[in-house]
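Q:
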Amino acid sequence: MRFDILTLFPGMFTGPLTESILKRAQQAGLVDIHLHHIRNYATDRHHTTDDTPYGGGAGMVMKVEPLAAALRTILSPAPSGAPDTPDTPDTPVAHPDAPPTLVLLMSPDGPLFTQAMAEEFSHWQRLVLVCGRYEGVDERVRTTLIDREVSIGEYVITGGELAAMVVVDAVARLVPGVLDEASTTEESYSGGLLEYPHYTRPAEWEGQPVPPVLVSGHHAEVAKWRRLQSLRRTLQRRPDLFVRAAAQGFLTLDDIKLLTSL
Ligand SMILES: C[S@@+](CC[C@H](N)C(=O)[O-])C[C@H]1O[C@@H](n2cnc3c(N)ncnc32)[C@H](O)[C@@H]1O
Numbered sequence: 080m081r082f083d084i085l086t087l088f089p090g091m092f093t094g095p096l097t098e099s100i101l102k103r104a105q106q107a108g109l110v111d112i113h114l115h116h117i118r119n120y121a122t123d124r125h126h127t128t129d130d131t132p133y134g135g136g137a138g139m140v141m142k143v144e145p146l147a148a149a150l151r152t153i154l155s156p157a158p159s160g161a162p163d164t165p166d167t168p169d170t171p172v173a174h175p176d177a178p179p180t181l182v183l184l185m186s187p188d189g190p191l192f193t194q195a196m197a198e199e200f201s202h203w204q205r206l207v208l209v210c211g212r213y214e215g216v217d218e219r220v221r222t223t224l225i226d227r228e229v230s231i232g233e234y235v236i237t238g239g240e241l242a243a244m245v246v247v248d249a250v251a252r253l254v255p256g257v258l259d260e261a262s263t264t265e266e267s268y269s270g271g272l273l274e275y276p277h278y279t280r281p282a283e284w285e286g287q288p289v290p291p292v293l294v295s296g297h298h299a300e301v302a303k304w305r306r307l308q309s310l311r312r313t314l315q316r317r318p319d320l321f322v323r324a325a326a327q328g329f330l331t332l333d334d335i336k337l338l339t340s341l
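Take the sequence shown: its position 103, counted from the start at 1, is 182 in the numbering used here, and no numbers get skipped.
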């Protein structure tokens, strides 16, 4: 799967995209990430990417022309502008029948990013992520060049870069082959509920033993215990998730019985 990130601060991505699972996913050729410096698409002498807002007020607004030029170049079938990171013509396609390209704007007033969205995005061949700065982008960018907007939470951060990193990370780990499939299907939100608690060695720490069932070696009992814990944790922390989980068919009759006992 290919990611193209449009940003005024490409240097911010060093580290988050070059360590751990994302690093390995790129090395394995499963994920291909390209950074594009928006300033390179500004054509005036000073490479201006922002300007004062019409109507007055604080802050600056990201201009439409550099963003339009960047997006049109990146999306054109035969890109003329070289990306700031080397191009890989043979980017693997996780789902060959997947729709081609989705352009996302990072935006605090967009729909909240969820695990369901991450799953949906992971089925596209290519995601293009636009990072805003200052007061945000000229509204005409949003109405003409963007397919979807995404907010990572109900707060405002300085720029879209951190939001884009969150989206790339959440989506890339769902690309087939990046992680062991079991580790993504049993996670919080994936099956509609929160995940059960985890324990590892030692079996007892400062007088606190791990739950005996986990060291019993009885797989069916472990699975039952985990399901109960998952239901309990969801009930305690995010009871609102049950409505959606039930509507999506994630709850069984046994779950309902267990919930009643809780
Ligand atoms: C300082 S913010 C602009 C906030 C904007 N003036 C407002 O009140 O909605 C600058 C940029 O950071 C990014 N950003 C800030 N908070 C975000 C969030 N919660 N989710 C996604 N992107 C965010 C967006 O790209 C935004 O254009």
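The beta carbon of each residue, even a glycine, is placed where N, CA and C say it ideally should be. Quick caveat: nothing in here was measured; it's all calculated off a predicted structure.
1) May I ask you to report which of helix, strand or coil DSSP gives H298?
2) I'd like the span of the beta strand (DSSP E) that includes F82, first residue to last.
3) Here's the rule: buried if 16 or more other CB atoms are within 10 angstroms of the residue's CB, otherwise exposed. What is G215?
4) Does any heavy atom of ligand 1 sit closer than 8 angstroms to the C-beta of I231?
5) Please report how far the alpha carbon of L96 lies from the alpha carbon of A148, in whole angstroms.
6) Measuring alpha carbon to alpha carbon, tell me which of G271, P291, E218 and E274 ends up nearest R280.
7) Quick check: what's the CA-CA separation for L286 versus L337?
8) Examine the Cβ distances between the segment 236-255 and the segment 176-188 and report whether three or more of them are shorter than 8 angstroms.
9) Report the three-state DSSP secondary structure of V110 (helix, strand or coil).
10) Per DSSP, which residues does D130 bridge with? Please list them.
11) To the nearest angstrom, how far is the alpha carbon of D226 from that of E144?
12) Would you kindly check if the distance between the Cβ of T131 and the Cβ of I117 is under 9 angstroms?
13) Pairing CB atoms from the segment 257-275 with CB atoms from the segment 206-225, are three or more of them under 8 angstroms?
14) Determine the DSSP secondary structure at T180, reduced to helix, strand or coil.
15) Can you tell me the Cβ-Cβ gap for I100 and V257, rounded? I've got them flagged as a contact below 8 angstroms.
16) Take the Cβ of H298 as the centre, count every other Cβ of all protein chains shown within 10 Å, and call the residue buried at 16 or more, exposed below.
17) Give me, in chain order, the residues of the same chain whose beta-carbon lies closer than 6 angstroms to that of M139; leave out the 5 immediate sequence neighbours on both sides.
18) With DSSP as the reference, please indicate the residues paired to V74 in a beta bridge.
A: Answer, in terms of the structure:
1) H298: helix per DSSP, three-state reduction.
2) Per DSSP, F82 belongs to the beta strand (DSSP E) from R81 to T86.
3) Flag for G215 reads buried.
4) Yes, since a heavy atom of ligand 1 falls inside the 8 angstroms radius drawn around the Cβ of I231.
5) If I take the Cα positions, the gap works out to 25 angstroms.
6) It is P291.
7) First, the amino acid is wrong: residue 286 is Gly here, not Leu. Just so you know, the alpha carbons of G286 and L337 end up roughly 29 angstroms apart.
8) Enough Cβ pairs lie closer than 8 angstroms, so yes.
9) Secondary structure of V110 (DSSP, three-state): coil.
10) D130 is bridged to V140.
11) Each residue's alpha carbon lies about 18 angstroms from the other.
12) At least 9 angstroms separates the beta-carbon of I117 from that of T131.
13) Segments in contact, no.
14) DSSP places T180 in the strand class (E or B) of the three-state scheme.
15) Their Cβ separation, rounded to whole angstroms, is 7 angstroms, which keeps I100 and V257 in contact under 8 angstroms.
16) When all chains shown are included, H298 counts as exposed.
17) Same-chain partners within the cutoff: D129 and Y213.
18) This structure does not reach residue 74, given that the chain is present from 80 up to 341, and the question cannot be answered.
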